[in-house]
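The sequence shown runs -31 to -1, 1 to 120 under mature numbering (1 follows the signal peptide of the UniProt record, and there is no 0). We put the beta carbon where it would ideally sit given N, CA and C, even for glycine. Remember, it's a predicted structure, so these values are computed and weren't measured experimentally. Written below as structure tokens is the structure these notes are about.
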Amino acid sequence: MTAKMTSTLVRTVPMAAVLSAAALAVTAAPAAANGGEFATIYSLTNGACIAQIDASVNGDAYPQSAAFTVASNMWGLGPCNVPVTLNWRNTETGETGKVTQTPNGPGFWMNDGKSAIFSPGVGKFTATITVGAAHMPQPGTIQFAVAPYQG
């Protein structure tokens, strides 16, 4: 009887995983229309830690502004930090700029609210991020827009 239960369990677990994945695909939130998330980055730090970094940009954060949010989990012996820089380019004017957030650890760190707000001007933008230590993978590029104030 044990062999039969094991056999049934082995067949059931993969099917449960497939069904769970299908349910997540159906219920996943739609892609952000005005900004988005960069790929998760795994990085060394300034100090004896390893970091997982999740960064995003939201072009609708505040009138005529955007938000660059960074969240990080760092494991190791502190103190440690790693600068994460958003490099933006206005695709209409060619103007460029950058904003840096520096997560600290070990532990969880996140910026939000006023500390995330920056003002690149009004227009359509492309953005990349750079990390101040060896990391993988490359986080990719996202697009966002900042609308004029509608007061």
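Do valine 53 and alanine 24 have their CB atoms nearer than 9 Å? yes
Using three-state DSSP, classify alanine 85 as helix, strand or coil. helix
Under the rule that 16 or more other beta-carbon atoms within 10 Å means buried, what is alanine 116, buried or exposed? exposed
Under 8 Å: do the region 96 to 104 and the region 74 to 82 share three or more Cβ pairs, one atom per stretch? no
Cβ of arginine 58 within 9 Å of Cβ of threonine 69? no
For proline 48, three-class secondary structure by DSSP: strand
In terms of residues, what are the limits of the beta strand (DSSP E) holding glutamine 112? 110 to 115
Can you name the start and end residues of the beta strand (DSSP E) that glycine 92 belongs to? 92 to 100
Could you check the C-alpha separation between glutamine 119 and aspartate 29 for me, to the nearest Å? 12 Å
Asparagine 27: which of Glu61, Val100, Ala96 sits nearest, CA to CA? Ala96
Is any heavy atom in the ligand FMN found nearer than 8 Å to the beta carbon of isoleucine 19? In the structure on display, the ligand FMN does not appear, and there are no ligands present to speak of.
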